[in-house]
């Protein structure tokens, strides 16, 4: 029986754009584990109440329920050691830093570039919740958050410097092969890629070149996924 | 025969403050390798010309010369696999991200808080070189770079968020034991600690608590090292 995963979806149930769910999708594909994804909306708290919390991803693996993308990655690594996501305890410990960096630096910066665009792809029933919860968080309208993003793009790209330096020295954040570190950063970048036509990366950025390699992994899993791409305009 | 290491020193030859040399010192101690350090000054390019470049750390291990702290760490791991610095290829690949983050985010931010203080600890013969090379880099006087640092301290502390999040979840950046990731970030923080009385961290910061544990490692190696500490005032 394949793993079931509740996965954030837009008005189009095929549009999947959660940065955390993408980390899990890629980790599952890396392990070669079949998954049945269940489209979930922000207002569908009841549908995942069985997990004891209110956010996705949530996976159900036989009788086991696991939530939180990092906890899921640890669970998958323990249940299915190969191919490895972390390359051992130290690799996992170091990946936690990359996870913390993605969550605390990359993700908030991306939000300030595309958060208003997200509204347009959401299921109508999610829109009021999304607008009011995010506007409370930012202390301003979504339109105001996103305003002037063209001018803020160079500063955003600067934030990716650590990843860029690494990708100049090695093909993957995981070294000679992709690891969960790749899925963390790639998953985070899938979020804007899926919801916005606003291009975050210059085409000749080593991060963009790596992103293309990531899109090609697992038979083009992430590439084939519906997205409101810059080049789909 | 013990490894020799050229190590940046101040006017007091016992004052060692290079963020890169501290990474190497800690890595050598982790491996239990005895080291003979040779005080080096910025203007002593001739003394390390044998390494084919002009920066420290440089180590000489028998007939082998290695420079650049990251390259030295890889060399030590290869020559002396245990105790491990990286925990395998993936752990090393992930540590490279932390190294790139320390170099591109942490180090420049620290420089803007203490660069003028460094001048006071330097050997007189290094001062003109240091001032002119750094002022060219910043495009302003060292005094101007450092000005208003109290106001910039909260933003600096915010930059440490990824490390802080990790250290709330595990005792070391390396997980249950220190790894080279710890030496990277700790070494970077030894730099301001050794040259300035300006305190960068709040005492109750998990990063400060971890820093104290790091200072206690290897018989208090880094704690015993001469430093112009905030609390030495």
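Residue numbers (this note's numbering), protein chains in the order written: chain A, 24 to 256; chain B, 24 to 256. Yeah, the Cβ is synthetic: ideal placement off N, Cα and C, and Gly gets one too. Quantities reported herein were computed from a predicted structural model and do not represent experimental measurements.
Within the same chain, show all residues whose beta-carbon is closer than 8 Å to that of residue i, passing over the 5 residues directly before and after it, in chain order.
i                     : result
residue 68 (chain A)  : 77
residue 6 (chain A)   : Examination of residue 6 (chain A) is not possible in this model, given that chain A is present from 24 through 256 alone.
residue 87 (chain A)  : 98
residue 244 (chain B) : 48, 49, 52
residue 180 (chain A) : 223, 224, 225, 228
residue 176 (chain B) : 136, 223
residue 102 (chain A) : 84
residue 124 (chain B) : 185
Using 10 angstroms around the beta-carbon of residue i, count the other beta-carbons present and answer buried if the total reaches 16, otherwise exposed.
i                     : result
residue 55 (chain A)  : exposed
residue 191 (chain A) : exposed
residue 131 (chain B) : exposed
residue 109 (chain A) : buried
residue 186 (chain A) : buried
residue 227 (chain A) : exposed
residue 163 (chain A) : exposed
residue 100 (chain A) : buried
residue 104 (chain B) : exposed
residue 35 (chain B)  : exposed
residue 202 (chain A) : buried
residue 178 (chain B) : exposed
residue 143 (chain B) : exposed
residue 114 (chain B) : buried
residue 155 (chain A) : exposed
residue 73 (chain B)  : exposed
residue 198 (chain A) : buried
residue 116 (chain A) : buried
residue 159 (chain A) : exposed
residue 234 (chain B) : buried
Go through its chain and collect everything with a Cβ distance to residue i's Cβ below 7 Å, but skip five positions before and after it.
i                     : result
residue 189 (chain B) : 196
residue 152 (chain A) : 65, 66
residue 239 (chain A) : 246
residue 32 (chain A)  : 38, 39, 62, 63, 64
residue 84 (chain B)  : 26
residue 122 (chain A) : 93, 207
residue 150 (chain A) : 142
residue 182 (chain B) : 128, 129, 132
residue 42 (chain B)  : 130, 210, 211, 213, 214
Tell me which same chain residues have a C-beta within less than 6 Å of the C-beta of residue i, skipping the five on either side of it?
i                     : result
residue 172 (chain A) : 136
residue 47 (chain B)  : 80, 92, 95
residue 215 (chain A) : 133, 137, 223
residue 57 (chain A)  : 25
residue 206 (chain B) : 46, 49, 50
residue 237 (chain B) : 209
residue 44 (chain A)  : 30, 31, 79, 80
residue 28 (chain B)  : 58, 60, 80, 82
residue 231 (chain A) : 224
residue 89 (chain A)  : 82, 95, 98
residue 217 (chain B) : 40, 250
Determine which residues share a DSSP beta bridge with residue i and list them.
i                    : result
residue 32 (chain B) : B:39
residue 60 (chain A) : A:28
Taking beta-carbon pairs under 8 Å, can you tell me which members of the segment 102-132 of chain B lie near chain A?
107, 109, 110, 111, 112, 113, 114, 115, 116, 117, 118, 119, 120, 121, 123, 124, 126, 127, 128
In chain order, which beta strand (DSSP E) runs of at least 3 residues are fully inside the segment 75-114 of chain A?
81-84, 87-90
With 8 Å as the C-beta to C-beta threshold (strictly closer), list the residues of the segment 75-96 of chain B near chain A in chain order.
none
What runs of the alpha helix (DSSP H), each 4 residues or longer, lie entirely inside the segment 142-204 of chain B?
147-161, 165-169, 172-182, 184-192
Closer than 8 Å, Cβ to any Cβ of chain B: which residues of the segment 132-148 of chain A, in chain order?
none
Select from the segment 39-58 of chain A all residues with a C-beta closer than 8 Å to any C-beta belonging to chain B, and list them in chain order.
none
Closer than 8 Å, Cβ to any Cβ of chain A: which residues of the segment 163-184 of chain B, in chain order?
184
With 8 Å as the C-beta to C-beta threshold (strictly closer), list the residues of the segment 204-218 of chain B near chain A in chain order.
204
Which of the residues in the segment 215-240 of chain B, read from start to end, lie with their CB under 9 Å from any CB of chain A?
none
So within the segment 207-249 of chain B, which uninterrupted beta strand (DSSP E) runs reach at least 3 residues, ignoring any that extend past its ends?
none
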